[in-house]
Every structure is written in structure tokens, then in C-alpha cells.
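The structure under discussion appears below in the form of C-alpha cells.
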């Protein structure tokens, strides 16, 4: 098997594993494993793992259940929120179906208010997320919320989360983080080896497979194959491509249309990285292993530069860092319709990138396929100018 | 002068005083009085008064500056936020023009993020507002923010806010609160004496006049005239009117169209009260005078049942109370476009009122006059069914 064939094979295997996620969750549930539903990168994964449970990302990226959700929620609301609620309402998300409890956070207005309704469908514990990570009381509040979640999980599942368990979970999560970043950072190779949807697939693989050590090994195997292919002078993608860094709202299945529109531009273009939660934004920082585990979780999760934070300068730092590191030629800001925080923040990102001389485009989109043609036109024009 | 003529005359006088607000602010500014801009009912008015300043409600209710704002802000954002920012950007709000500092709060996503940009135009101090008033840390956080604001104002204006000053300001504000509620509560008379726009005018009068004792006296004079007219068997409004309680987003000048649409229905209808901030929601509770003033402010301002709070059960209690008290036949929920919190919460309000058997309609609108015909049609159909 050639290096390239090996990469292809591993990616295919990952894709199969992601498709198999619902079956695996059913098995875990039947085996008595606590299933904890999450929507956001802010949920401390390690606490769920330390209670012996699996944290599952609840379905939120398809437009199918949106019309059902709109019976209770306004139309003019972020599709991710409507999709999340719609899946729950119609019981069409296997992960929601099997989850014992949902953990939410007071991130954005829409999610915060949607959780009130979701709580009628499944017990929903909402963590109070501070809005300014640098405020003098934010750390105390967030630490309080992390300790509170620990108690909620312990009581719900009748399991004590000892420091030892928590430290082990932190180590495990850090190994996933390291594997994810090692993979994302293959974008530092002079020759592009994977495309945008493949990056999304690997992120999904780490989300929707639950034998974590195996998953970490698989991602590392993929990275090894990529490095070997590169060492052998091979190339899987067009080396002349414009290199695009994506930022903005969470990218799910329905937003592959954006990646397609970019990568199918006449002027060859490739998505080389995602500064989004679930990707670099969520994974770029390890949880410290040299301090009290609760303090370490507090620090890590409070540092995620989501646009709900105000001010959110760290996002600009992160974009700066990864534009440089991944040699991005341009930044594409993907904003879900009616996501006020990312939408307002795009003005700051635009100004910052203009100062840096990095081309930037913001697109507002939803989960429908209605704007596929428009996206193609816009990205066609944008990449042609690069 | 008849009782009715007296009421008319006082209302005309109030209208004139509101129009004169900008001139008065200019005079105050020139006299060296600190001018503090606010956008929200959550700003502790008493602290501004205690520092010797005037708290001015910054312009936010006209669609004129919205197109200018949309150069920096997304189109799909609440008109109140775009209007606020647009007025500041185009320097067309006299209150903004003369204000030394703006006080904002992390209420909704749009405002929170807009304040980041506003801070480039005028120093903007943002208070971290807790999202759940009943959460065990909310009081501590909000008290911290109130003490912090006190320091910010003291430092900015070089004036110490003593407990004595603060207690006096609380007394003054409570006298305004009492006058406002005494006026609103004339809706408990069996005969309606004022209409919706007149209620809005009195609220504006208390906002945009700055000789507070005089304003309180004037409002009380109006109430006396109303009570006298009632005692004399007089009636200023159609007694057969359907009585409407308005709830929802802040009501400003541009939303008089909603009141007009209701009150011009073929089936006679009258707005008898506003469960909105700047009206009942902001004024229904006094600040306690029998405890530490900072604690009293903390308690009062944290209890405002804005939809940004989650859960926000107190709003339902307030609506229940005032539907009963003002004998409302129906509730109209006025939601500004893209205001996610009020928009999502309307589902709860609708269910609650359905249980209570109170007719309810929610309208989503903006500051344009484009939907005036549509509003007339909808309210025509709605009031006909009452």
C-alpha cells in the first residue's frame, strides 16, 4: 500500500467509525455507561470522563429538524440552536435519545434561552459562563461552576470523582488534544496533504468515537502516514492552492458546503485549518497537569476565545498565530445566521486582518443548501483576487 | 379649567419638557454637572445621582441612524442596538454628545458586543450582569459590579459617594418610582383616563427631565387631576375599550406605531399599561431604605425580570399581577427584530397566558414604518376576537 493509499484508507476507516457512533452509544448505554450530552466546547469533558461517562456532542448540524423547532422557537434564530432543539423535540438524534443529562452553558442568548425549553425534554444543567475572561471575578465564578458540575455528575451517577480519576481524565484528554493538534499542524508542511472536509472528519472522529486511546492512536497513525508521504516527496493536494484559514461559528456537516465552495473555486484553493471550536479554538491549549485539577480545568475552559466573550482579544491572537503558522493566504469567517456575537465581532476581525494585510471575507449562512450557488460565486471572486 | 383640560394641559407641558431635554442637558453640562449615558434599566441610577451627575437615556429609538450603524454592525441585529450605535457614530444624539461616560451591562449578546465598538467613541464602562438572578453567586457578583461602578464614577468625577449621599439618592429615586407607579396605577380606575402614548410620555418625562423633585411633583399633579376627574364622573377615554397590557422589548418613539395600531383598531382598544423596562418592569420595586444602600441597590437591580435572565419566571409573575390589577383583556408582546431573548421567551409567555385564558399576540417589529399596515391588520383581527 502506498503512503497515499494508507492515508486514504485511514480516513475511510475514520469516516466509517463516525457513522458507527450511534450504534456504539447504544451499546455503551446498554452497558450502563453514563451518557452526557453536550453542545459546546465549554463543557469540561474531563469531568464527564472522570465520572465514568461519555460526553457526546448532540446533533445540531442538520436543517432537517429546524421546521419542527420553529413551532416553539423564532425563525430568526441561529440554525445551530434551532437544529439542536429540533433534534431533541423530534427525538431524531441518537445521542440525545440515549443521553441521561444535558450540560449547557450561558454562552449566547439563543442557547441560554433554548436550554429553558430543552430542560422540559431532558434534565439540562446550565453552567453560568462568565462573559469576560479577564474580569476579576470570572475565575472564581467559573471555578464554582466547575465544582458544581462535578457534584451534579457525582450525584446523578452515584460515582465519586476523585482527584486521581480527574487527573487521569485530564491526561487522556490532553493526549487527544495533542493528537488533534499534531494532525492540524500537518498544515505547517510545505505541501498540503489533506483538505478541509478531511480536517472536519478527523475532528468528528475524535468527537464521535468513544474508545479514546484507540482514537488517539488512529489519529497519530494518520499523522505518521502523512509525514511519511511528505518525506517520500508525495503530494495529495494541489501545491499551488491558495491556503485558507476558516474562523467563526462551529462548522458542522451542513457547512461542508462552505468548504466545497472554497475548494471548488476555479482559482485552486484549500482549507488548511479551522480556528473554530471543536478544532483549533478548543484544542490549542492543554489542561495543565502540574496544578490542582479543578484550577486547571477552570483556567483552560475560561480561555476559549469564543465570540460570546467580551472583549475577545484572544481570538485575534489565535487567528494571527495560525495565519502565520499555517501560511494562510486568506481568512474566511463563517457566521451562522442570527449569531450576533460572531456577526458583530467580524467587524473587529476585518479591521485587524486589513491591518495585517491578510485578505478576509465573512459569509453569513444557514444549514439550507439554498445559497450554494451564491457561495460559489462569492468564493470564486474572492479566491481569484488572492 | 375643567379637570380634563387640566390633564391635557399637564400632558402638553410634559411633552414640551421632554422636547426641551437636550437644551437642559447642554446647560447642565456647561454648568459642570457630570453627564452619564445609559441604555438600560439595569444601570443603578442612584449611583449617578449620588456622584452629583445626571443619568441620561441615550438615543436608541429612531431608525434614522441605523443605515450608518450598519456600516459596522450586521443588518440582522436588534434596531435598538443599531440605533444606539448609529446615533453615537453620527453624533446626532445630544445626550450622547454631552455625556462624559457611558455605562453598559452584559445584558444581551448584541449590546455586549456593540459596547466594544462604542468604547472607541466614548469611554464605556460595562458591568457584568449575572444571567440567573437566583444563582448562588449572582448577588455577590452584582454587588461587586455595583461597588466597582461606584469607584469608576468617583474616580472619573473626583467626588466621593458617601453612604449619606447614596441614601438621599435612593430616597429621591424612590419618590420618582412612587410617582411613576401612582400614575401607572390609575389604570386600576374603572374608567380609563389616559391612552398608551400618554403613558409613554409620562415615562419619558421622568427620563428626560432632570429637575427631579419638580418632575415628581408634576407627575403627582397629573395623578391628582386624573383622580379628581374620575371623582367628578368624567371620562377621557372610551370606557368600552378592550384593555391591553403591553409587554416585551423597550418601547420607544418608533414603537408608538404599535400603540397606534392597537388603539386605532375598529374594535375600540386602549393600552392601559406597559410591563416593559422604563415602565412597570423597572419601576415596580422600590430600593429598600432599611438596609445597607449597596445591598439595597444590588437586590433591586438584580430583580428586574428582563428576558436576558434565565430562567426569568419573575416576568411571568409580573404579567400575571398586572393583567389582574389593570383588568387587562389581552396581552401584546412587542418584540424587536432579532431580539433573541424576548423572542424565545415569548413561547413561555404564550403558554402561560393560554393557561390563564388571557388572549395573547406577539409581534416582531423594527423601527421602520414599513409594517404599519400589517400591524393594523393584525391588531384589527386580534381585538375583534376579544
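Residue numbers (the numbering used here), protein chains in the order written: chain A, 2 to 387; chain B, 2 to 387.
C-beta: ideal position from N, C-alpha, C; glycine also.
All values reported here derive from a predicted model rather than from experimental measurement.
Buried or exposed (CB count within 10 angstroms, at least 16 for buried), residue i
i: residue 316 of chain A; result: buried
i: residue 80 of chain A; result: buried
i: residue 386 of chain B; result: exposed
i: residue 122 of chain A; result: exposed
i: residue 112 of chain A; result: buried
i: residue 367 of chain A; result: buried
i: residue 318 of chain A; result: exposed
i: residue 21 of chain B; result: exposed
i: residue 212 of chain B; result: exposed
i: residue 392 of chain A; result: Since the first residue shown for chain A is 2 and the last is 387, residue 392 of chain A is missing from the structure and cannot be characterised.
i: residue 240 of chain B; result: exposed
i: residue 279 of chain A; result: buried
i: residue 108 of chain A; result: buried
i: residue 248 of chain B; result: buried
Neighbour flag for residue i against chain B, beta carbons, 8 Å
i: residue 345 of chain A; result: yes
i: residue 339 of chain A; result: yes
i: residue 61 of chain A; result: no
i: residue 318 of chain A; result: no
i: residue 193 of chain A; result: no
i: residue 75 of chain A; result: yes
i: residue 311 of chain A; result: yes
i: residue 248 of chain A; result: no
DSSP three-state assignment for residue i, whether helix, strand or coil
i: residue 368 of chain B; result: coil
i: residue 275 of chain A; result: strand
i: residue 293 of chain A; result: coil
i: residue 214 of chain A; result: helix
i: residue 122 of chain A; result: coil
i: residue 361 of chain A; result: strand
i: residue 248 of chain A; result: strand
i: residue 341 of chain B; result: helix
i: residue 106 of chain B; result: strand
i: residue 56 of chain A; result: strand
i: residue 39 of chain A; result: strand
i: residue 270 of chain B; result: strand
i: residue 224 of chain B; result: helix
i: residue 128 of chain B; result: strand
i: residue 73 of chain A; result: coil
i: residue 334 of chain B; result: strand
i: residue 136 of chain B; result: coil
Below-8 Å beta-carbon distance, residue i vs any chain A residue
i: residue 109 of chain B; result: yes
i: residue 301 of chain B; result: no
i: residue 367 of chain B; result: no
i: residue 78 of chain B; result: yes
i: residue 113 of chain B; result: yes
i: residue 118 of chain B; result: yes
i: residue 348 of chain B; result: yes
i: residue 145 of chain B; result: yes
i: residue 304 of chain B; result: no
i: residue 133 of chain B; result: yes
i: residue 129 of chain B; result: yes
i: residue 136 of chain B; result: yes
i: residue 142 of chain B; result: yes
i: residue 39 of chain B; result: no
Closest by C-alpha distance to residue i, when choosing among the options
i: residue 153 of chain B; options: B:359, B:169, B:257, B:127; result: B:127
i: residue 234 of chain A; options: A:192, A:308, A:365; result: A:192
i: residue 47 of chain B; options: B:224, B:24, B:163, B:129; result: B:163
i: residue 390 of chain B; options: B:106, B:16, B:110; result: Because chain B is modelled from 2 through 387, residue 390 of chain B falls outside the range shown and cannot be assessed.
i: residue 16 of chain A; options: A:223, A:114, A:169, A:291; result: A:223
i: residue 124 of chain A; options: A:98, A:109, A:67; result: A:98
i: residue 344 of chain B; options: A:14, A:339, A:158, A:250; result: A:339
i: residue 429 of chain A; options: A:109, A:91, A:86, A:49; result: There is no way to answer for residue 429 of chain A, as the model of chain A reaches only from 2 to 387.
i: residue 262 of chain B; options: B:325, B:379, B:286; result: B:379
I want to know whether the stretch 300-313 of chain A touches the stretch 18-30 of chain B - three or more CB-CB distances under 8 Å. No: the two stretches stay apart, fewer than three of their Cβ pairs being nearer than 8 Å.
Could you check whether the stretch 210-219 of chain A touches the stretch 175-194 of chain A, counting it as contact only if at least three pairs of C-beta atoms, one from each stretch, sit closer than 8 Å? When C-beta atoms of the stretch 210-219 of chain A are compared with those of the stretch 175-194 of chain A, three or more pairs fall below 8 Å, so the two segments count as touching.
For the stretch 264-281 of chain B against the stretch 354-373 of chain B, do three or more pairs of beta-carbon atoms, one drawn from each stretch, fall closer than 8 Å, so that the two count as touching? Below 8 Å, too few C-beta pairs join the stretch 264-281 of chain B and the stretch 354-373 of chain B to call them touching: fewer than three.
Tell me whether the stretch 55-74 of chain B and the stretch 66-85 of chain A touch, counting them as touching only if at least three CB pairs, one residue from each stretch, are closer than 8 Å. Cβ pair count under 8 Å is below three, so no.
Assess, as a yes-or-no matter, whether the stretch 321-334 of chain B is touched by the stretch 355-367 of chain B under the definition of 3 or more beta carbon pairs within less than 8 Å. Flag = yes, the stretch 355-367 of chain B and the stretch 321-334 of chain B touch.
For the stretch 142-157 of chain B against the stretch 327-337 of chain B, do three or more pairs of beta-carbon atoms, one drawn from each stretch, fall closer than 8 Å, so that the two count as touching? Fewer than three pairs of CB atoms, one per stretch, sit closer than 8 Å, so the stretch 142-157 of chain B makes no contact with the stretch 327-337 of chain B.
Count the CB pairs spanning the stretch 56-63 of chain A and the stretch 82-93 of chain A that are closer than 8 Å, and state whether there are at least three. Counting Cβ pairs under 8 Å, three or more are found: they touch.
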